[in-house]
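The structure appears below as structure tokens.
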Amino acid sequence: MPRKTRPVKSARRKKSPVSPRAAQLIAVGVALAFIAIIVAIVVSSLNRAEPQALPTVAPSDAGELLRENPHLLSDVAPQDADAVLVEFVDFQCPACATASPIVQQVADEYGDRLAVVVRNLPLTSIHPHAVEAAVAAEAAAAQGEFAAMYKELFATHQEWSSARGDQSDTFRDLAEQLGLDMDEYDRVADDPATRERIALDQADAFALGATGTPSFFLDGELVQLNSFDDLRAAVESALQ
1 MPRKTRPVKS ARRKKSPVSP RAAQLIAVGV ALAFIAIIVA IVVSSLNRAE PQALPTVAPS
61 DAGELLRENP HLLSDVAPQD ADAVLVEFVD FQCPACATAS PIVQQVADEY GDRLAVVVRN
121 LPLTSIHPHA VEAAVAAEAA AAQGEFAAMY KELFATHQEW SSARGDQSDT FRDLAEQLGL
181 DMDEYDRVAD DPATRERIAL DQADAFALGA TGTPSFFLDG ELVQLNSFDD LRAAVESALQ
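Once you know that position 62 of the sequence shown is 62 in UniProt numbering, the rest is easy, because the numbers rise by one and skip nothing.
What follows is the structure, encoded as structure tokens:
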């Protein structure tokens, strides 16, 4: 008579209880990880540049294409020019950086007949450094160096446009490199009238129908461009 085989019981490993010391280390590790996350969030928040507020401009005060003491890239002023090109610019805007060499070429080539005026249109909701960059340009303009600062802001655009935190010191370094009087630069940068001028530029742009940057007005008309190379053709047509 065959012998019956007894079923083999599977051996179960007994779970080793976690020692108090190990439990303590785990708890400490979790706590440290939580603290690290909180610190990272706080640091990220501190490093994030907040959009700079501008003074409010009454709609009834806006809508002028040209104002007193315009900032020029050209040699000729609007009242003496055969044609007038006005650019509304956001210095943090990538498209403005792309267009800037063409704008400067147009100013260089036709600057004795074409007035090239630059005004501010900081898109503060998406470009937190735009106002401070405009302030830097205004402070340079007070010393007759607007065109030089315009060029430098776009030449260094990749370095500061995506940087975190306030970039005022970066712009101040550019001013020093241009040889500006830094006491005068700081005075203009801190003057509320500087931001008032930027706010008026912005309000004028919106009132005139500009919705983005760069926006170009040639002899008072908003120019629709398929490419920035079309700007040269539009200027040549206006000067004929």
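Note that beta-carbon positions come from the ideal geometry of N, C-alpha and C, so glycine has one too. Just so it is clear, the structure is predicted and the values come from calculations on it, not from any experiment.
Original post:
Would a C-beta distance cut-off of 8 Å place Cys93 and Thr213 closer than the cut-off?
Top reply: yes
Original post:
Across which residues does DSSP place Ala189 in a beta bridge pair?
Top reply: Its beta-bridge partners do not exist; DSSP assigns none.
Original post:
Could you give the distance in angstroms between the alpha-carbon of Lys151 and the alpha-carbon of Leu208?
Top reply: 26 Å
Subject >> Arg164 - DSSP class collapsed to helix/strand/coil >> reply: In the structure shown, Arg164 falls within a coil segment according to DSSP collapsed to helix, strand and coil.
Original post:
Could you check where the alpha helix (DSSP H) with Leu153 kicks off and where it finishes?
Top reply: Phe146 to Ala155
**OP:** Decide if the segment 139-146 is in contact with the segment 93-110; the criterion is three or more beta carbon pairs, one per stretch, under 8 Å apart.
**Re:** no
Subject >> Residue(s) in a DSSP beta bridge with Leu114 >> reply: Ala83
Subject >> Spatial distance of Glu64 from Leu218 (CA atoms) >> reply: 14 Å
**OP:** Could you work out which residue in His71, Leu153 and Leu114 is closest to Phe91 when comparing CA atoms only?
**Re:** Leu153
Original post:
Where Ser100 and Ala81 are concerned, what is the direct C-alpha to C-alpha distance, given to the nearest angstrom?
Top reply: 21 Å
Original post:
When DSSP labels each residue in this structure, what does Glu221 get in the three-state scheme?
Top reply: strand
Original post:
Which first and last residues belong to the alpha helix (DSSP H) in which Ala141 is found?
Top reply: Ala130 to Ala141
Original post:
Is it true that the CB of Ala133 sits closer than 8 Å to the CB of Leu114?
Top reply: no
Original post:
Based on Cα-Cα distance, which residue from Tyr110, Asp190 and Ser162 lies nearest to Ala137?
Top reply: Selected option, being the one with the closest Cα: Asp190.
**OP:** Pull up the CB-CB distance for Leu54 and Thr124, whole angstroms please, since I reckon it's below 8 Å.
**Re:** That pair is a contact at about 7 Å.
**OP:** Quick one: using the 10 Å Cβ neighbour count with 16 as the cut-off for buried, is Met149 buried or exposed?
**Re:** buried
**OP:** Please work out which residues of its chain come closer than 7 Å, Cβ to Cβ, to Ala233, disregarding the five sequence neighbours upstream and downstream, and give them in chain order.
**Re:** Beyond the five residues adjoining it in sequence on each side, Ala233 comes within less than 7 Å, by CB distance, of no other residue in the same chain.
**OP:** From the DSSP output, read off the bridge partner residues of Val89.
**Re:** Asn120
**OP:** Could you tell me which residues DSSP pairs with Ser227 in its beta bridges?
**Re:** Its beta-bridge partners do not exist; DSSP assigns none.
Original post:
In chain order, what residues of the same chain have a beta carbon less than 7 Å from the beta carbon of Thr170, not counting five sequence neighbours either side?
Top reply: Trp160
Subject >> Beta-carbon gap between Leu73 and Ala147 smaller than 8 Å >> reply: yes
Original post:
Three-state secondary structure (DSSP) at Ser100?
Top reply: helix
Subject >> Cβ neighbours of Leu239 in the same chain (closer than 8 Å, five flanking residues each side left out) >> reply: Asp82, Ala83, Tyr110, Arg113 and Leu114
Subject >> Spatial neighbours of Asn47 in its chain, beta-carbon cut-off 7 Å, leaving aside the 5 residues before and after >> reply: With a pLDDT of only 36 at Asn47, under the threshold of 50, the placement of this residue in the model should not be trusted; the figure read from the coordinates follows. Result list for Asn47: Arg164 and Gly165, in chain order.
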